[in-house]
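Before any comments, here is the structure.
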Amino acid sequence: MICSMTGYARAAVNNGLYQVVVEMRSVNGKHLDLFIRLPKERLDLEEVVRETLRKRLRRGRVDCYVAIEPLASSLRAARIHEQTARAYWHTLYHLHLKLPGSEPPKLEHLLKLPGVWETDSTVPEAEEVRHLVAEATEQALDRLMEARSVEGKALSRDLLQSLQDLQQDRLVVEERSQVVASELREKLRAKVQDILAALQGSVDENRLLQELAYQLDRTAINEELVRLKSHLDQMVGWIAAEEAVEGRRLDFMAQELLREVNTIGSKTSDLKVTQAVVRMKNAIGKIKEQIQNIE
963 MICSMTGYAR AAVNNGLYQV VVEMRSVNGK HLDLFIRLPK ERLDLEEVVR
1013 ETLRKRLRRG RVDCYVAIEP LASSLRAARI HEQTARAYWH TLYHLHLKLP
1063 GSEPPKLEHL LKLPGVWETD STVPEAEEVR HLVAEATEQA LDRLMEARSV
1113 EGKALSRDLL QSLQDLQQDR LVVEERSQVV ASELREKLRA KVQDILAALQ
1163 GSVDENRLLQ ELAYQLDRTA INEELVRLKS HLDQMVGWIA AEEAVEGRRL
1213 DFMAQELLRE VNTIGSKTSD LKVTQAVVRM KNAIGKIKEQ IQNIE
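Each residue of the sequence shown is one higher than the one before, starting from 963 at the first, in our numbering.
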C-alpha cells in the first residue's frame, strides 16, 4: 500500500464557548516541512500542532491553518480596558496643560487609541483552547491521511499499469533476444569460415574461438533481463502489499530499472529491441514522476 503526499482536510470542534477550525494542505517534498499559522495571541499552541503532525507524517510540505473564534456573545463583545484608558487620559490631560492654546482631550480621541478596547477572545482559557486545538488537529489529520490514502490508491493503479507495460516490453525483448542471438551466431560462423578459408589454416583456431565467445558474451542480455524481471516483480509486490512502502525505496528501484534498460539498449542494435527499450524508458520516466508524490 502506498500513500500520496497530496491532500486537503478541514476539521472544526467547539465547546460552546470557542470554536477551533484547522485546515491542512499537503504537497510532495523530500522531507517533512511543517508551516503552521496560528492567531498571534496563541502562538504558544504551535508546538501542540507540530507534535501531533510529526507523530504520523514522514514526508511532504504541510501547511496548517488554525483559527480560534469565540462563540458566546459575551466573549465577542468589546469592552474598555480601564487601566489603559486612565493612563492615556492622564497623559493627554497633562500634555494639554503643558501646551498653551491646545484643546482639552475628549472622549472620542481616547476611544481611538490602541489598546483601549479589548475582548475576552484575545486571552482565551488556555487549557480549554489547548484541548480544542489538539482535538481539531487530530480530526483534520485523520481526514488528511484518508485523502492521501485515496490519492495513493490512484497512484497505485497508475504505477501497476506502467509496470505491466514494462513487463510486456521485457517479454518482447526476451523473445527477440533469442532470435538476435541465433542470427549473430550464424553471421559469426559464416565469417569464421571465410577467415579460415582465406588464411588456409594459419590462424590460431583456439584464439579465434575465444574472440567469438567474447563477442557473443558482449551482446548477451540474459542477465539484464533476469535482473529486470526481478526488479519489476519486487516493485509490483511492494505496491500491491498491505504494508506501507516508502517512496525512497521505490525511487531507488526505478533507478535500477533504468540502469538495466540502458544496458540492454547499449548491447543491441536490433530495431525491435531498440523500439522496446525506448518505450520502457518512457514508462520508467512516468513511474519516476509518480513516485515523487509517494510518502
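Even for Gly, the Cβ is constructed at its ideal location relative to N, Cα and C.
Spanning the alpha carbons of ALA1098 and VAL982 requires a straight line of approximately 7 Å. With fewer than 16 neighbouring CB atoms inside 10 Å of its own CB, THR1053 falls in the exposed class. For the 9 Å CB-CB criterion, MET1215 and SER1111 do not form a contact.
Of the candidates MET986, LEU1033 and ALA1029, MET986 places its Cα closest to the Cα of LEU1019. When rounded, the separation of the alpha-carbon atoms in THR1230 and THR1236 is 8 Å. Under the 8 Å Cβ criterion, the segment 1045-1060 does not count as touching the segment 963-977, having fewer than three qualifying pairs. Distance from the CA of ARG1189 to the CA of GLU1009, rounded to the nearest whole angstrom, comes to 47 Å. When ASP1195, ARG1138, ASP1131 and ARG1210 are compared, the shortest CA-CA separation from LYS1243 is found for ASP1131. Taking 9 Å as the cut-off, the beta carbon of VAL989 is found no closer than this to the beta carbon of LEU1007.
Rounded to the nearest whole angstrom, the CA to CA distance from VAL1024 to GLU1136 is 45 Å. Of the other Cβ atoms in all chains shown, 16 or more fall within 10 Å of the Cβ of GLN1252; this residue is therefore buried. Setting aside the 5 residues that flank it on each side, LEU1072 is surrounded in the same chain by ALA1047, TYR1050, TRP1051, LEU1054 and VAL1078, each with a C-beta closer than 8 Å to its C-beta; the list follows chain order. Around the C-beta of ALA1116, fewer than 16 other C-beta atoms lie within 10 Å, and the residue is accordingly described as exposed. Annotation: the continuous alpha helix (DSSP H) that includes GLN1252 extends over 1233-1253.
The C-alpha of PRO1032 lies about 53 Å from the C-alpha of LEU1125. The criterion of a C-beta distance shorter than 9 Å is not satisfied by VAL1134 and ALA1245. For ALA1182, the three-state secondary structure derived from DSSP is coil.
Distance from the CA atom of ARG1119 to the CA atom of PRO1076, rounded to whole angstroms, is 58 Å.
In terms of Cβ geometry, ILE1201 and LEU1122 form a close pair [threshold 9 Å]. Exclusion of the five residues before and after GLY1022 leaves MET967, SER988, VAL989, ASN990, GLY991, LEU994 and GLU1257 as the residues of its chain whose Cβ lies within less than 7 Å of its Cβ. Per DSSP, the continuous beta strand (DSSP E) segment holding ASP995 begins and ends at 994-999. Pairing THR1014 with GLU1100 gives a Cβ-Cβ distance under 9 Å.
Membership of ASP1025 in any alpha helix (DSSP H) is not indicated; the residue belongs instead to the beta strand (DSSP E) covering 1022-1032. With respect to the 9 Å criterion, LEU1194 and LEU1219 are classified as neighbours on the basis of their beta carbons.
In the three-state scheme derived from DSSP, where H, G and I count as helix and E and B as strand, GLU985 is classed as strand.
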